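Numbering (this note's numbering), first residue to last: 1026 to 1229.
No residue lacks a Cβ here, since even glycine has one placed at the ideal position from N, Cα and C.
Note that the structure is a prediction, hence the values are computed from the model and not measured.
One structure below.
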Amino acid sequence: MGMKGRTQVASQRILLPVSFFRRPADVVARELIGALVVSSVRGTRTAGRIVEAEAYLGHRDPASHGYRNRRHAQNEGLYGPAGNWYVYLSYGVHWCANLVAGRTPNEGAVLLRAVEPLEGLPAMRRRRGGVADRLLAAGPGRLSQALGITRSLDQWPMHEAVVQVYRGDPLAPPVATSRIGITRAVDWPLRFVEGGTRWASRPR
DNA sequence: GCGCCGATTGGCT
DNA sequence: GCCAATCGGCGCC
């Protein structure tokens, strides 16, 4: 394969199919590490590699918004099909973006916690108020702000949405740890971080 | 109706 | 390390 062929292969972007998400949330979370998130919110293109994601196990996970199938207006997205976005407002302040996983309603979801900024850095810096680049998208609220994600993305099928996720591989194997910022099921190893990344968030 | 809490973050002591 | 911001859901009268 010549130089041109290589470039074409490298730039080929394969949208993750719905079947990718029709698996347990912990599997989806692990395999999302290295995938590419591309946002075209309001015509501005920003993109990054997923370096941190957390699985939530739906109705059986005490830390999930859908624990015990408690259902209300804001968590309706958890009952939608795999591959849909589920976006919720955290602490009344920050948007947090998830992708629905599994084969049955409220089986699970994956919270995107950090991306390595790759494209559209000026837009990300503007949206994030000029913070240090390392903090552009290191944390679920920061990630959403950097990519322009708000409630308007909630419940959209990812493959039709203004924010899409493409195939990609991690630079180093994902490492599993406890989830961050929760008070229940704190020891479940459902957070996945790309080994050695400098772009992930950290517990306080 | 009221108070508390949360899958967060930024600012200040 | 501590706390406010700011909203929606919940438990509790």
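Proximity winner among the options, relative to residue i (alpha-carbon distances)
| i | options | result |
| --- | --- | --- |
| Glu1219 | Pro1130, Ser1065, Leu1040, Glu1079 | Glu1079 |
| Gly1164 | Trp1224, Thr1071, Gln1099, Gly1105 | Trp1224 |
| Leu1172 | Glu1144, Pro1195, Gly1117 | Glu1144 |
| Arg1209 | His1119, Arg1085, Gly1073, Ala1050 | Arg1085 |
| Gly1221 | Arg1096, Glu1141, Ala1157 | Glu1141 |
| Leu1133 | Asp1051, Ser1226, Pro1228 | One detail in the question is off: residue 1133 reads as Gly in this sequence, not Leu. Here the closest residue by C-alpha is Asp1051. |
| Ala1122 | Leu1136, Val1066, Gly1193 | Leu1136 |
| His1097 | Asn1131, Ala1107, Ala1162 | Asn1131 |
| Val1211 | Leu1161, Ala1060, His1119, Ala1088 | Ala1088 |
| Arg1159 | Arg1070, Ala1139, Thr1175, Trp1213 | Ala1139 |
| Pro1195 | Phe1217, Val1118, Arg1229 | Phe1217 |
| Pro1199 | Leu1041, Ala1060, Tyr1113, Pro1042 | Ala1060 |
| Arg1055 | Ala1201, Thr1175, Pro1106 | Ala1201 |
| His1070 | Val1188, Thr1175, Ala1126 | The question names His, but residue 1070 is Arg in the sequence shown. Cα-wise, what sits closest to Arg1070 is Val1188. |
| Gly1073 | Ala1157, Leu1215, Pro1042, Tyr1191 | Tyr1191 |
| Gly1108 | Pro1042, Ala1162, Val1118, Ser1226 | Pro1042 |
| Leu1178 | Leu1161, Tyr1111, Gln1037 | Tyr1111 |
| Pro1228 | Gln1037, Gly1068, Glu1077, Val1062 | Glu1077 |
| Gly1206 | Arg1152, Ser1226, Arg1153 | Ser1226 |
| Trp1120 | Arg1153, Arg1176, Ala1157, Pro1106 | Arg1176 |
Span of the alpha helix (DSSP H), counted from its first residue to its last, around residue i
| i | result |
| --- | --- |
| Ala1122 | Here Ala1122 belongs to no alpha helix (DSSP H); instead the beta strand (DSSP E) covers 1119 to 1126. |
Residue environment, residue i, which counts as buried when at least 16 other CB atoms sit within 10 Å
| i | result |
| --- | --- |
| Ile1058 | buried |
| Ile1039 | exposed |
| Thr1129 | exposed |
| Tyr1081 | buried |
| Gly1027 | The predicted position of Gly1027 is uncertain, since its pLDDT is 48 and thus under 50; a value taken from the coordinates is nonetheless stated next. Its Cβ having fewer than 16 others within 10 Å, Gly1027 is exposed. |
| Ile1075 | buried |
| Ser1064 | buried |
| Trp1155 | Checking the displayed sequence, the identity of residue 1155 turns out to be Gly instead of Trp. Gly1155 should be labelled exposed. |
| Ala1162 | buried |
| Arg1151 | exposed |
| Arg1067 | exposed |
| Gly1127 | buried |
Host beta strand (DSSP E) of residue i (start-end)
| i | result |
| --- | --- |
| Trp1110 | 1110 to 1115 |
| Val1218 | 1216 to 1219 |
| Val1140 | 1133 to 1144 |
Problem - Length-filtered (4 minimum) alpha helix (DSSP H) runs lying within the segment 1026 to 1080 - result: Counting whole runs of 4 or more residues, the segment 1026 to 1080 contains the alpha helix (DSSP H) stretches 1028 to 1036, 1043 to 1046, 1050 to 1057.
Exercise for the section: Ignoring anything shorter than 4 residues or poking outside the segment 1153 to 1200, list the alpha helix (DSSP H) runs there in chain order. Expected result: 1165 to 1172
Practice task
Could you tell me whether the segment 1037 to 1048 touches the segment 1087 to 1094, using the rule of 3 or more Cβ pairs below 8 Å?
Solution key: no
Problem - Inter-stretch contact at 8 Å, needing at least 3 Cβ pairs: the segment 1095 to 1112 / the segment 1147 to 1161 - result: no
Handout entry: Contact the segment 1151 to 1171 vs the segment 1183 to 1195: 3+ CB pairs below 8 Å
Key = no
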